[in-house]
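Report on the structure given below.
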Amino acid sequence: MQLTFLRFDFLNYNYYLRGLKKKNMNNFFKSFSMFASLTFFVALSFNLSAQSTWNLVHGHAKADIFEKTNVVCQNTAAGVDMQYTLLKIVNKTAQPITVSYLLACYYDNQCRTCSNSEYNYSITIPAGQTIEANCNFQRPDDGKLSVFQKYLTQPNYSDFTRYELQNLVIQ
Numbered sequence: 002m003q004l005t006f007l008r009f010d011f012l013n014y015n016y017y018l019r020g021l022k023k024k025n026m027n028n029f030f031k032s033f034s035m036f037a038s039l040t041f042f043v044a045l046s047f048n049l050s051a052q053s054t055w056n057l058v059h060g061h062a063k064a065d066i067f068e069k070t071n072v073v074c075q076n077t078a079a080g081v082d083m084q085y086t087l088l089k090i091v092n093k094t095a096q097p098i099t100v101s102y103l104l105a106c107y108y109d110n111q112c113r114t115c116s117n118s119e120y121n122y123s124i125t126i127p128a129g130q131t132i133e134a135n136c137n138f139q140r141p142d143d144g145k146l147s148v149f150q151k152y153l154t155q156p157n158y159s160d161f162t163r164y165e166l167q168n169l170v171i172q
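39 is the number that the numbering used here gives to position 38 of the sequence shown; each next residue is one higher, with no gaps.
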């Protein structure tokens, strides 16, 4: 009789341990999934904040020029992801202004656009308005306000070093 009692306790204890292990495993997976989700959202928010911050690169009495770096643009039709620096110009006056510049893009420390007149840009901004580039490239000025850095889904044959707005004139 006593042997049966010990056996019964052993079975209950074993059953208890299996239940405890199952609960602990369920708690572990719940905790892990919550941790992973939290980590993902924190990383995503840092990525979005990095892409949504405009930094002043040139201040002038008539206009301010801002940049947003490392912006990922997707060309879904071609299946290509690219990284850009986008520019924004704010007209601070009550009259239209014209901003002219040479977009000098340096790859492997060499200016690849300096001797090309195609990169001499002139943009007119209405009074009190802001124009900024975006990844749609549907407006005529989007190409004038964007700096290609690199492909993200294809090989790059040179490394983006920097860009400059040379011969900048704001009238």
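Just so it is clear, CB atoms sit at the ideal spot from N, CA and C, and this is done for glycine as well.
ask   = What is the DSSP secondary structure of Y158, counted as helix, strand or coil?
value = coil
inquiry  = Please state the DSSP three-state secondary structure of G80.
reply    = coil
query = For V81, which option in V170, N157 and L146 has the closest C-alpha, if you only look at C-alpha atoms?
reply = N157
message = To the nearest angstrom, how far is the alpha carbon of Q172 from that of A128?
response = 12 Å
task = Starting from the C-beta of S46, find all residues in its chain whose C-beta is less than 6 Å away, skip the five residues before and the five after it, and write them out in chain order.
result = With a pLDDT of only 36 at S46, under the threshold of 50, the placement of this residue in the model should not be trusted; the figure read from the coordinates follows. Excluding sequence neighbours, S46 sits near nothing in its chain.
task = Return the residue from the list G60, A79 and V91 that minimises the CA-CA distance to E133.
result = V91
inquiry  = Between Q111, F138 and K145, which has its C-alpha nearest Y122's C-alpha?
reply    = K145
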